[in-house]
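Protein chains in written order, with my numbering: chain P, 16 to 406; chain X, 16 to 406; chain E, 16 to 406; chain Y, 16 to 406. Beta carbons: idealized from backbone N, C-alpha and C, even for Gly. Note that the coordinates shown come from a computational prediction; the quantities given were computed from them, not determined experimentally.
4 protein chains.
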Amino acid sequence: MPPAITARMAATPEMLACFDDDALVGAALAFERELAAALAEHGAISAAAAAAIAAACARFDATGLGDAAAHAGTLAIPLVARLRASVAPEHAGAVHLGASSQDVVDTALVLQTVQARRLIDRDLDRLGDALAALARAHATTPALARTLLQPAELVSFGMRAANWLLGIDAAHARLVREHRAAACLELGGAVGSLSALGAIGPAVRDTLAERLGLASAPSWHSRRDAIAGVGAALGIAVGALGKLARDVSLLMQRELAEVAEPAIAGRGGSSAMPHKRNPTGCQVALSAAIRAPGLVATLLAGMPQELERGLGGWQAELPVLAELFALAHGAVHAMRVVAEGLEVDAAAIAAHAAAAPPAPAGRDAALAAAARFVDEALAQHDAAVARRADR
Amino acid sequence: MPPAITARMAATPEMLACFDDDALVGAALAFERELAAALAEHGAISAAAAAAIAAACARFDATGLGDAAAHAGTLAIPLVARLRASVAPEHAGAVHLGASSQDVVDTALVLQTVQARRLIDRDLDRLGDALAALARAHATTPALARTLLQPAELVSFGMRAANWLLGIDAAHARLVREHRAAACLELGGAVGSLSALGAIGPAVRDTLAERLGLASAPSWHSRRDAIAGVGAALGIAVGALGKLARDVSLLMQRELAEVAEPAIAGRGGSSAMPHKRNPTGCQVALSAAIRAPGLVATLLAGMPQELERGLGGWQAELPVLAELFALAHGAVHAMRVVAEGLEVDAAAIAAHAAAAPPAPAGRDAALAAAARFVDEALAQHDAAVARRADR
Amino acid sequence: MPPAITARMAATPEMLACFDDDALVGAALAFERELAAALAEHGAISAAAAAAIAAACARFDATGLGDAAAHAGTLAIPLVARLRASVAPEHAGAVHLGASSQDVVDTALVLQTVQARRLIDRDLDRLGDALAALARAHATTPALARTLLQPAELVSFGMRAANWLLGIDAAHARLVREHRAAACLELGGAVGSLSALGAIGPAVRDTLAERLGLASAPSWHSRRDAIAGVGAALGIAVGALGKLARDVSLLMQRELAEVAEPAIAGRGGSSAMPHKRNPTGCQVALSAAIRAPGLVATLLAGMPQELERGLGGWQAELPVLAELFALAHGAVHAMRVVAEGLEVDAAAIAAHAAAAPPAPAGRDAALAAAARFVDEALAQHDAAVARRADR
Amino acid sequence: MPPAITARMAATPEMLACFDDDALVGAALAFERELAAALAEHGAISAAAAAAIAAACARFDATGLGDAAAHAGTLAIPLVARLRASVAPEHAGAVHLGASSQDVVDTALVLQTVQARRLIDRDLDRLGDALAALARAHATTPALARTLLQPAELVSFGMRAANWLLGIDAAHARLVREHRAAACLELGGAVGSLSALGAIGPAVRDTLAERLGLASAPSWHSRRDAIAGVGAALGIAVGALGKLARDVSLLMQRELAEVAEPAIAGRGGSSAMPHKRNPTGCQVALSAAIRAPGLVATLLAGMPQELERGLGGWQAELPVLAELFALAHGAVHAMRVVAEGLEVDAAAIAAHAAAAPPAPAGRDAALAAAARFVDEALAQHDAAVARRADR
């Protein structure tokens, strides 16, 4: 059993559930069930066979499937074998008809990411709104900018929040775009051409895609740019969250104390020093920001897959993409909680700002300039909010 | 001096020129010159000052600039100091007015990438067209598919080319999109708010952006998702090129000999075995595909930059992004040459195809299915070609 | 729950057990129990307290510990709180006395790796012996060398096996060395100095180290080179296994068919093509070889940890190191099975060798040279075998 | 021309010189010259031929070699061709006799690293000594520990320095060990067996190794663990330097101001804010720490090289290893300067320490514990110093 405690410390239970065994098997069975329905719709198998397959999917027993999949080298082999054994002999040939192992596994992965993205959307939206509120509330709250970790000139605290906001919104837009491109059915059969289904192949593919709520596209068995694109977008989102966490954790140092993570009973304590209050939300996001880049690199490194189905590169993708979703949601959830409850110590901020070197154009000009930055960012955020309905 | 021979083996001279010292200094001077022009246009400095600065840029001497920049910790310090020393004292204050070191360096980077992307566009377009021609010519040339490096079923050689094409075109579209988002002027002044310019700041920014052919956006000093996005898109493009190279190199093994890189005098030989003909173009692309993922990871890892200007993460970007462009163009150029001159041995392909297990739906159905894949891919490619004019 | 099926496809059940929740909690409890014993031995707590703590460890209930740890930000907080609540009030202060959260977690990680390394040692030893046997048996079996995937000159098949062997043995030696350096107790208390224990601190540390079978060293809370060293050594071992898998999978292509993975019922099949026999063991190792580098990079990226305890970098290590062990054992186990049962088709090898260009010094000289390579490699392997007893 | 300014900002001129074109060509020529000498010593070629080759090496003209190497696909082809054309026809066959392209390039790489490691040794030794001096001088200077970026308990400033020292010394020891294992001649001929030299092959190899000051070992053409090991050791060293830089940059924040980088005229300024003093040395090391992990991952990812000579993975190594050496020396040189001139503000440190929560065992016990840590670290450092003579 993989380490659940460790996984849980970096990720939310909801996101872990999106990629757990139930979700994986459920998505694979959805593929087989809806494939059968699509085949029946186009006359390739009987309605009775499709019904039998649906019933077999409903009573599927996944016990021992992990060992069996590891032995076979792919999840699809034992899964299909069990389904075939579970229907009447005359329907066995209708199970998985025209499909390949990779069709099941790739489509299952995509279906899992559809659920996963909803969680991330929800928390990124809330995080964006919280940052927008901070930007608006503190548009002209004087604050000391720090460049290269040294005091610089006067900005406003709202401008800092607006900068976070722009980064989060841009990363979110990229993720939506990349995921949309990747939310494609994979149905190519043994070698990608869907040849076993003959002339009805394209129609079956379109029908199945529609039933599963996915786009229909030529088989992408050994063409993995869309998966890599989603992974990269997740990595960039984690980087933007890490930037927010870096700043909050720096500003929360006791000698600065400009902000603090919200106080939550039992969170952020120390087993050796009861007086401490640690930036635990930032810890989650910064840890994710350290882990995500290597995972994105893995997806890229796996792209040069051999001929019609890769050996090694393909098989590396599922666990790595699942991990990226887990880290991303752990980070966005943690920072959403931080942003929504962020304690802003205006007095401390003001005190540091008062020590800033005089701005070349004067204090009022500096604050007006910061407020313009905030206005531009909020206008962009409003536009992003307006687009939410379209996704 | 960095190793030119080694760099040259992975990259083209044109691309290396896009990021060499002349290009870097030239782009930085373009920023300073056009900034002065924009400032003069908005009355912040005199036209005489702007002219003096332009003249100083034209006669700029970069000797020893590398050592001076390394000593100072940023290129901008000695560059601006030399410019100031090179104009009459009354114009010294007009040099770099309102700008920060990071404004120069970030904008210079962006300007360099604009040139660099043109090279990549040119060769990706040609590569796409060459692959489309292969797909069209061999749409029904029977070929043996191989999955997990083992013989599978019948496809067509054109379908294989169409699969390469789809991957390359998708990667190209992503690169265009990401680069467009990143082709932004950076002008934020000391702390990103452009405060030193007061109320005319936004107008100066817009004017400068227009003069430089870039978009105008709020300062992105410590918001690096767009840079990471370009890097990721380059990495994915290299991965798609690596996939093509992997396949060509496998198919070129003597025991398969289905294709061969074009014979070019003096290329692909061996110092110990004169009889050999090595897949040298594939070597360049596969080597790039091994190197790019770590560089993309670096850009992601550097994203959580501290407060208003990062310490370490920011400074890591320029050399890494330049390296990604170099590897990408080395790979696309090499594979464009390979694809344009690819030797396809139809007889060898046919012989292997004849040994394929009988396709479940028969040979004709298999070829028809492959041809449908080709048609779909070519239709997408035609649409991509039609969009070329817009970028 | 993390995805067990996916994890299982890349790793062995035994290795997954080394890092599952039971193992993690068990190791953490071993730390607390033996710490109490060591404290009692040096008079810092009573023997009754130590006994009470040992009893509490024995009846520890880990239900819900994952959620509690995620909430607190560290496993140690709820673990220690439960232990304290489980002993009589007068012994509560003796629990975890002098230790910090990181002491528990770091030492638990090290204890888990001790078990994990045993599994890897066992299979690397067997793999080495199997490769040595192949090298010996085929020391002068003529084989065609291939460089840059093109036919080169005559070697022997045994020389190829000897080359694999040298790579595996060298990687194994590095892993043993690095793990020995990392197999250290962490006991530093709140800030690494073990100050809460006063003058007996060093003695308690030595005693506890001895009880746990670990070395005693100054606290390494924010000094992570040894962890990174183990990770890098695992990554290099996976790379050496990937090299073996790359070669076997290439040689197993039907057009070469020089070797084959052992035939195992139900392994390596295809859901769409019953005739296929896939290189499933190689698939596991090649997939690991794609995933490991990014994980090693993560450990390195996490090294610059802040002051006395890192925020993000430290927390990234446990899951990443556990994953590296999982991938390494998955790979070594798979390739051990492949090597022990490798089917070598001497006739096919001979046929390809016969087609090799004439060696410059003649066939006999070529085989004699290959045999010398084998002899050197076997001599080194014998020396490595002799050193096994020392580890 | 690769970007010299950018390279210079991350690396020292001396280290860049270790891997520039002159160094590369010089090392390659050293291989060819000494190979000829070794061949002559064992009677394989005449003394006259060896002398002619040495003379040709001395007058070698590298103009255009980069383009020629890029065209051929390897540096060795044009280099050897030029040498052959430069000697009398009767000696042409003696040039490069028995060797392969990879022999030249691999050995040249190793020879370059030998020079490079000397630079790193020199500065790591000095850095270690500077940190040891800080640890000794401040063994009981009270300082506030900070864990998870929050104030913790009392340690001493010397303990912090001792922790840095232990990390640097351990990384240095690993680098010495890994480099020693990698400092091997590569001489394997076309396919690694050295068959072209017949029975004298081993003797020629030993002689050549001795002449070049390298170890003699079986050809490692496609066995790259030692290269990866050096890369990983460099990456870990950069990580340890990054840890030091992280801490110094945090402690140098104006609100803490416990330490400062030494004031050096013209270093660490700002083009927009003349009052600033930036942590420029830390910037170099932190930037290296962000870049190194991806490069190490690249070396690992390239390990599964195909059969007797890899296609892509091998060719990725030289530039990547050179970059790692460049980053490592840039970082160690920068931090050596920082450590040797570190400004320690004892009053500021004391003021923060005074605000620390009372240590559980009291202030004196806390300082005594810190001093013990220092003593242990200094004892280890003294042992490391004593071993310097052996390397």
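Discussion item. Within 9 Å of any Cβ in chain Y, is that where the Cβ of P294 (chain E) sits?
Written reply: no
Worksheet item: Are the C-beta atoms of L80 (chain X) and some chain Y residue less than 9 Å apart?
Response: L80 (chain X) belongs to the set of residues whose beta carbon lies under 9 Å from a beta carbon in chain Y.
Worksheet item: In chain order, what residues of the same chain lie with their CB nearer than 7 Å to the CB of V191 (chain X), ignoring the 5 residues before and after it?
Response: R406
Discussion item. Along the chain, where does the beta strand (DSSP E) containing S171 (chain E) start, and where does it finish?
Written reply: Q165 to S171
Worksheet item: What residues in its chain sit with their C-beta under 8 Å from that of E225 (chain Y), if we drop five residues either side in the sequence?
Response: Within its own chain, the residues whose Cβ lies closer than 8 Å to the Cβ of E225 (chain Y), once the five positions on either side in sequence are excluded, are S231, listed in chain order.
Worksheet item: Shorter than 9 Å from the beta carbon of C72 (chain P) to some beta carbon of chain E?
Response: no
Worksheet entry | Residues, ordered as in the chain, of the segment 250-269 of chain Y that lie near chain C by beta-carbon distance below 9 Å | Looking at the structure shown, chain C is missing, and the protein chains on hand are P, X, E and Y.
Worksheet entry | Cutoff 6 Å; reference H367 (chain X); Cβ partners in own chain excluding five residues on either side | Cβ contact annotation for H367 (chain X) (same chain, cutoff 6 Å, sequence separation greater than five): L159, in chain order.
Worksheet item: Per DSSP, which one or two residues make a beta bridge with E358 (chain X)?
Response: X:A275
Worksheet item: Where do the ends of the alpha helix (DSSP H) carrying A67 (chain Y) lie?
Response: Unbroken alpha helix (DSSP H) run through A67 (chain Y): A62 to A73.
Worksheet entry | Own chain partners of L200 (chain Y) with C-beta closer than 8 Å, once the 5 adjacent residues on each side are dropped | T122, V125, R220, L223, A224, L227, L229, A230, S231 and A232
Worksheet item: If we cut at 9 Å on Cβ distances, does S285 (chain Y) have a partner in chain P?
Response: yes
Practice prompt. Return the residue from the list Y:L393, Y:L339, Y:A374 and Y:L139 that minimises the CA-CA distance to G246 (chain Y).
Written response: Y:L339
Worksheet entry | Minimum Cβ-Cβ distance from R351 (chain X) to chain P less than 9 Å | no
Worksheet item: Could you give the residue range of the beta strand (DSSP E) that holds L159 (chain E)?
Response: P157 to T162
Worksheet entry | Contacts that D121 (chain P) makes with chain X (C-beta to C-beta distance below 7 Å) | Ordered by position in chain X, no residue passes the 7 Å Cβ test against D121 (chain P), which lies about 13 Å from the chain.
Worksheet item: Can you give the Cα-Cα distance for A272 (chain Y) and A176 (chain P), rounded to whole angstroms?
Response: 26 Å
Fill in: Any alpha helix (DSSP H) of 4 or more consecutive residues that is wholly inside the segment 335-403 of chain X
Taking only runs of at least 4 residues, the alpha helix (DSSP H) segments lying wholly in the segment 335-403 of chain X are 361-369 and 378-402.
Item to complete: Could you have a look at A26 (chain Y) and say whether DSSP puts it in helix, strand or coil?
Response: coil
Worksheet item: Hey, does P233 (chain P) have any beta-carbon neighbour from chain E nearer than 9 Å?
Response: no
Item to complete: Indicate whether at least one CB of chain X lies closer than 9 Å to the CB of E168 (chain E).
Response: yes
Worksheet item: alpha helix (DSSP H) containing H153 (chain P): first to last residue?
Response: It is not in any alpha helix (DSSP H) - H153 (chain P) carries neither H nor E in the DSSP assignment.
Discussion item. Residues of chain X with CB closer than 8 Å to the CB of G309 (chain E), please, in chain order.
Written reply: P308 and A312
Discussion item. If I measure Cβ to Cβ from V102 (chain X) and keep anything under 7 Å in the same chain, skipping five residues before and after, which residues do I get?
Written reply: A67, I68, A71 and V110
Practice prompt. Can you grab the Cα-Cα spacing for the pair A343 (chain E) / L146 (chain E), in whole Å?
Written response: The alpha-carbon of A343 (chain E) is positioned some 18 Å away from that of L146 (chain E).
Worksheet item: By DSSP, does A230 (chain X) sit in helix, in strand, or in coil?
Response: strand
Worksheet item: Which word fits E276 (chain Y), buried or exposed, when buried means at least 16 other C-beta atoms lie within 10 angstroms of its C-beta?
Response: Buried is the call here.
Discussion item. Helix, strand or coil for R406 (chain Y)? Go by DSSP, reduced to three states.
Written reply: Looking at R406 (chain Y) - three-state DSSP - the assignment turns out to be coil, as it is neither helix nor strand.
Item to complete: Just the chain P side, please: which residues come within less than 8 Å of Q320 (chain X) by C-beta, in chain order?
Response: K258 and R261
Fill in: Range of the contiguous alpha helix (DSSP H) that encloses K291 (chain X)
Taken as a continuous stretch (DSSP letters only), K291 (chain X) belongs to no alpha helix (DSSP H), as it is neither H nor E.
Item to complete: Indicate whether the contact test is met: 3 or more Cβ pairs, each with one atom in the segment 16-28 of chain E and one in the segment 45-57 of chain E, closer than 8 Å.
Response: no
Worksheet entry | Touch test, the segment 291-305 of chain Y against the segment 294-309 of chain P, Cβ-Cβ under 8 Å, three pairs minimum | no
Fill in: Limits of the unbroken alpha helix (DSSP H) element including A83 (chain X)
L80 to A87
Item to complete: Can you pull the chain E residues whose beta carbon is under 8 Å from the beta carbon of H290 (chain X), in chain order?
Response: Within chain E, the residues near H290 (chain X) are P372.
Fill in: T162 (chain Y) at chain X interface by Cβ criterion, 9 Å
T162 (chain Y) has a beta carbon lying at 9 Å or more from every beta carbon in chain X.
Worksheet item: A87 (chain E): which of P:L142, P:A337 and P:M24 sits nearest, CA to CA?
Response: P:M24
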